[in-house]
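Peer 1: The structure under discussion is supplied below as structure tokens; questions concerning it will follow.
Protein chains: 2
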Amino acid sequence: MDDALRQFKSEIFQGLANPTRIAMVELLRDGELSAGQLMQKLGLEQANASQHLAVLRAKQIVVSRKAGNQVYYSIRDRALIEVLEILRRYFYAQLSTTVDLLKQAARETPKTRASSHK
Amino acid sequence: MDDALRQFKSEIFQGLANPTRIAMVELLRDGELSAGQLMQKLGLEQANASQHLAVLRAKQIVVSRKAGNQVYYSIRDRALIEVLEILRRYFYAQLSTTVDLLKQAARETPKTRASSHK
DNA sequence: GAATCATATGCGAGTATTCGAATATAATGA
DNA sequence: TCATTATATTCGAATACTCGCATATGATTC
Chain X
1 MDDALRQFKS EIFQGLANPT RIAMVELLRD GELSAGQLMQ KLGLEQANAS
51 QHLAVLRAKQ IVVSRKAGNQ VYYSIRDRAL IEVLEILRRY FYAQLSTTVD
101 LLKQAARETP KTRASSHK
Chain B
1 MDDALRQFKS EIFQGLANPT RIAMVELLRD GELSAGQLMQ KLGLEQANAS
51 QHLAVLRAKQ IVVSRKAGNQ VYYSIRDRAL IEVLEILRRY FYAQLSTTVD
101 LLKQAARETP KTRASSHK
């Protein structure tokens with residue numbers, strides 16, 4: 001039954017494993033938006049936006065609500081926002097580590113900058 | 001520069017978008033393990049384990065430490081454990097919602113169980 | 001009903017992932 | 001040096017993803 005959980009997690013991750021879809025989820029952070037609004041805000045082809053939304057739906061990341069002519073999307077669970085937030089902090093932690101390493105490398109080999117790493 | 005962050009996030013997600021790799025990260029939760037230990041605990045082909053570990057390395061999810069003959073892996077940042085933990089809670093929340101829906105459906109159509117949802 | 005707007009789906013090409021089998025490398029010990 | 005152990009890399013086939021283009025569906029308005 002643990003397998004089911006890992007399967008579930010990996011599908012969530014797969015759903016989020018694309019920058020466009022992450023942008024969509026981030027835009028939905030503060031409330032629902034229609035497919036058209038998402039498409040416009042992200043400058044996507046209509047079909048492409050719809051395909052990405054289909055993935056997010058399939059992976060249970062968003063839910064959709066039909067209102068007349070259009071379809072409104074919202075995040076199914078705030079937990080996912082929390083996940084993105086953790087990764088944001090992680091990113092900056094990583095970033096400063098990297099910057100520190102670069103600074104250190106620069107100090108150790110001050111003559112040439114950018115000593116190509118293979 | 002927000003694009004870079006989304007790119008980064010999506011790569012992390014891509015790295016975790018596979019049940020085997022999730023299992024690896026979970027096994028590393030309590031400390032480092034060698035490639036061989038991971039392979040054995042998960043019953044993987046040696047090459048396959050190594051490939052998955054390469055992905056986890058490439059996506060900056062784990063770090064490796066060589067000790068003599070073998071290579072020990074550990075999680076680069078506890079944040080990732082936290083992410084998995086959030087998804088675990090999310091999973092059970094989803095699960096009970098689903099169970100509730102099924103119970104409700106069963107109550108509404110008590111004669112036949114499993115009215116195939118297409 | 002016809003025209004239109006919002007969204008979804010199907011198709012095909014290009015690219016990326018995943019796996020097992022085979023091979024390569026690197027450290028250890030005889 | 002040779003053999004052995006631990007790990008990594010390469011290759012090829014199968015599968016999956018992503019995109020643009022074309023087409024389909026569904027609601028609204030005339």
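From first to last, the protein sequence lines are chains X and B. Heads up, the first sequence is in my numbering, so the first residue is 1 and it goes up one at a time. Heads up, the second sequence is in my numbering, so the first residue is 1 and it goes up one at a time. We put the CB at the ideal spot given by N, CA and C, even for glycine. Being a predicted model, the structure only gives us computed values, none of them experimental.
Please work out which residues of its chain come closer than 6 Å, Cβ to Cβ, to Asp77 (chain B), disregarding the five sequence neighbours upstream and downstream, and give them in chain order.
Peer 2: Around Asp77 (chain B): no qualifying Cβ.
Peer 1: Considering Cα atoms alone, identify which of X:Ile12, X:Val25, X:Ala93 and X:Leu95 is closest to Ala49 (chain X).
Peer 2: Ranking X:Ile12, X:Val25, X:Ala93 and X:Leu95 by Cα distance to Ala49 (chain X) puts X:Val25 first.
Peer 1: Listed from N- to C-terminal order along the chain, which residues in the region 27–51 of chain B have their beta-carbon within a distance smaller than 8 Å of any beta-carbon of chain X?
Peer 2: The residues in question: there are none.
Peer 1: Can you confirm whether Arg88 (chain B), when its beta carbon is compared against all beta carbons of chain X, has any partner nearer than 9 Å?
Peer 2: Cβ-Cβ to chain X under 9 Å: yes for Arg88 (chain B).
Peer 1: Could you give the first and the last residue of the continuous beta strand (DSSP E) run that contains Ile75 (chain X)?
Peer 2: Segment Gln70 to Ile75, the beta strand (DSSP E) holding Ile75 (chain X).
Peer 1: Go to Ala54 (chain B), then tell me how far its alpha helix (DSSP H) extends in each direction, as first and last residue.
Peer 2: First-last of the alpha helix (DSSP H) with Ala54 (chain B): Gln46 to Ala58.
Peer 1: Identify the contact partners of Glu85 (chain X) in chain B, using a Cβ-Cβ distance below 9 Å as the criterion.
Peer 2: Within 9 Å Cβ-Cβ: nothing; Glu85 (chain X) doesn't reach chain B, min ~10 Å.
Peer 1: Quick one: grab the DSSP three-state call for Phe8 (chain X).
Peer 2: Residue state, collapsed to three classes: helix.
Peer 1: For Gln17 (chain B), decide whether its Cβ has a neighbour in chain X, counting only Cβ atoms nearer than 9 Å.
Peer 2: The amino acid at residue 17 (chain B) is misidentified as Gln; the sequence shows Ala. Output row for Ala17 (chain B): interface = yes.
Peer 1: At a CB-CB cut-off below 7 Å, which residues of chain B make contact with Arg57 (chain X)?
Peer 2: The contacting residues do not exist; Arg57 (chain X) stays about 14 Å from chain B at best.
Peer 1: If you follow the alpha helix (DSSP H) that Ala23 (chain X) is in, where does it begin and where does it stop?
Peer 2: From DSSP, the alpha helix (DSSP H) with Ala23 (chain X) extends over Pro19 to Leu27.
Peer 1: Specify, as a first and last residue, the run of the alpha helix (DSSP H) that Gly36 (chain X) falls within.
Peer 2: Run containing Gly36 (chain X): Ala35 to Leu42, per the alpha helix (DSSP H) assignment.
Peer 1: Give a yes or no on whether the minimum CB-CB distance between Leu53 (chain X) and chain B is below 9 Å.
Peer 2: For Leu53 (chain X), the answer is no, since every Cβ of chain B falls outside 9 Å of its Cβ.
Peer 1: Taking contact to mean at least 3 C-beta pairs separated by less than 8 Å, is the region 39–57 of chain B in contact with the region 30–49 of chain X?
Peer 2: No: fewer than three Cβ pairs fall under 8 Å.
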